[in-house]
Amino acid sequence: MLKTGGQIYTTHKTAYPFSEWKIKELAEKIGISLIVEEEFYLSNYPGYVNKRGSGDRIDASFPIGKCSTFGFALYALLQP
3 MLKTGGQIYT THKTAYPFSE WKIKELAEKI GISLIVEEEF YLSNYPGYVN
53 KRGSGDRIDA SFPIGKCSTF GFALYALLQP
């Protein structure tokens, strides 16, 4: 689904146990490369409310904790 020149951005918790997901390494395994990583600050997004993705409390918020926003791109984008 991602074409050459395309980018993917996702915000993910970076503290244990979420750090064990190793999303940078997973991306590399499928041929996309990290182009940016920035710490996520909730205060930069007034009105932002996170929600659970599944389960009985699907619309419930949860503590955000330590997070970063990661940007990935295809290797072809990074090569001359």
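Numbering (my numbering), first residue to last: 3 to 82.
Idealized CB from N, CA, C, for every residue including glycine.
- Item | For G62, three-class secondary structure by DSSP | The sequence shown places Ala at residue 62, not Gly. A62: coil per DSSP, three-state reduction.
- Query: Which one of I60, I32, T71, L28 has the shortest CA to CA distance from Y47?
  - Reply: It is T71 whose Cα lies nearest to the Cα of Y47.
- Item | Per-residue DSSP class, three states only, for K15 | Here DSSP, grouped into helix, strand and coil, assigns K15 to strand.
- Task: Check L36 in the structure and name its three-state DSSP category.
- Result: If DSSP states are grouped into helix, strand and coil, L36 belongs with the strands.
- Item | A17 classed as buried or exposed, judged by whether at least 16 other C-beta atoms fall within 10 angstroms | By the Cβ-count criterion, A17 is exposed, with fewer than 16 other Cβ atoms from all chains shown falling within 10 Å of its own Cβ.
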